[in-house]
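Chemist: I'd like to ask you about the structure that follows.
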Amino acid sequence: MEPLRTWTIPGDETITLSVYRPAVTIRCGDGPEVTISPDQVTTLSDRFVDVDNFFASGEPGDL
(Lines of atoms letter the chains of each structure in order from A; the text may use other names.)
(Lines give C-alpha, C1' and ligand atoms only; values in the text may rest on other atoms or scores of the structure.)
Protein backbone atom coordinates (compact mmCIF):
# COMPACT_ATOMS: atom_id res chain seq x y z
CA MET A 234 0.00 0.00 0.00
CA GLU A 235 1.36 3.40 -0.96
CA PRO A 236 1.26 6.18 1.66
CA LEU A 237 -1.16 9.06 1.15
CA ARG A 238 1.63 11.49 2.06
CA THR A 239 5.28 11.27 3.13
CA TRP A 240 7.40 13.94 4.81
CA THR A 241 11.16 13.69 5.24
CA ILE A 242 12.88 15.86 7.85
CA PRO A 243 16.64 16.04 7.27
CA GLY A 244 19.11 16.09 10.15
CA ASP A 245 21.78 13.97 11.81
CA GLU A 246 19.18 11.19 11.68
CA THR A 247 16.66 11.69 8.89
CA ILE A 248 13.08 11.33 10.13
CA THR A 249 10.47 10.03 7.69
CA LEU A 250 6.75 10.25 8.44
CA SER A 251 4.35 8.40 6.14
CA VAL A 252 0.59 8.80 6.38
CA TYR A 253 -1.68 5.84 5.71
CA ARG A 254 -5.31 5.49 6.61
CA PRO A 255 -5.82 5.05 9.56
CA ALA A 256 -2.23 5.12 10.83
CA VAL A 257 1.12 6.86 10.49
CA THR A 258 4.57 5.31 10.31
CA ILE A 259 7.76 6.90 11.62
CA ARG A 260 11.30 5.93 10.63
CA CYS A 261 14.46 7.41 12.16
CA GLY A 262 17.57 7.05 10.03
CA ASP A 263 18.00 3.51 8.76
CA GLY A 264 15.85 2.06 11.56
CA PRO A 265 12.62 0.16 11.08
CA GLU A 266 9.31 1.83 10.39
CA VAL A 267 7.13 2.01 13.48
CA THR A 268 3.36 2.34 13.17
CA ILE A 269 1.57 4.70 15.52
CA SER A 270 -2.19 4.88 15.99
CA PRO A 271 -4.38 7.96 15.45
CA ASP A 272 -4.50 8.44 19.25
CA GLN A 273 -0.70 8.34 19.42
CA VAL A 274 -0.50 10.89 16.58
CA THR A 275 -2.75 13.24 18.58
CA THR A 276 -0.72 12.73 21.77
CA LEU A 277 2.57 13.28 19.93
CA SER A 278 1.20 16.45 18.35
CA ASP A 279 0.12 17.74 21.78
CA ARG A 280 3.61 17.06 23.20
CA PHE A 281 5.22 18.97 20.32
CA VAL A 282 2.97 21.95 21.11
CA ASP A 283 4.18 21.76 24.73
CA VAL A 284 7.83 21.69 23.58
CA ASP A 285 7.25 24.60 21.19
CA ASN A 286 5.69 26.62 24.03
CA PHE A 287 8.66 25.78 26.27
CA PHE A 288 11.17 26.88 23.60
CA ALA A 289 9.27 30.16 23.21
CA SER A 290 8.91 30.91 26.93
CA GLY A 291 11.74 29.03 28.65
CA GLU A 292 9.30 28.20 31.45
CA PRO A 293 9.56 24.58 32.68
CA GLY A 294 5.85 24.70 33.48
CA ASP A 295 5.17 24.77 29.74
CA LEU A 296 6.46 21.21 29.52
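In this text, residue positions in the sequence shown follow the numbering used here: the first is 234, and each later residue adds one. The beta carbon of each residue, even a glycine, is placed where N, CA and C say it ideally should be. Bear in mind that the values here come from a model prediction, so they are computed numbers and not experimental data.
Nearest-angstrom Cα distance between M234 and T275?
Modeler: As a first step, residue 234 is located in the sequence shown; it is residue number 1 there, counting from the start. As a first step, residue 275 is located in the sequence shown; it is residue number 42 there, counting from the start. C-alpha separation (whole angstroms): 23 Å.
Chemist: Where P271 and S278 are concerned, what is the direct C-alpha to C-alpha distance, given to the nearest angstrom?
Modeler: One-based indexing of the sequence shown puts residue 271 at position 38. One-based indexing of the sequence shown puts residue 278 at position 45. Computed Cα separation, rounded: 11 Å.
Chemist: Using the DSSP secondary-structure output, state which residues sit across from T258 in a beta bridge.
Modeler: The residue given as residue 258 occupies position 25 in the sequence shown. DSSP output for T258 lists S251 and T268 as bridge partner(s).
Chemist: Within 10 angstroms of its Cβ, does V284 collect 16 or more other Cβ (buried), or is it exposed?
Modeler: Here residue 284 refers to the residue found at position 51 when the sequence shown is read from its first residue. The residue is exposed, with fewer than 16 neighbouring Cβ atoms inside 10 Å.
Chemist: Once the 5 residues before and after G262 are set aside, which same chain residues still bring their CB inside 7 Å of it?
Modeler: Walking along the sequence shown from the start, residue 262 turns up at place 29. Answer for G262: E246 and T247, listed in chain order.
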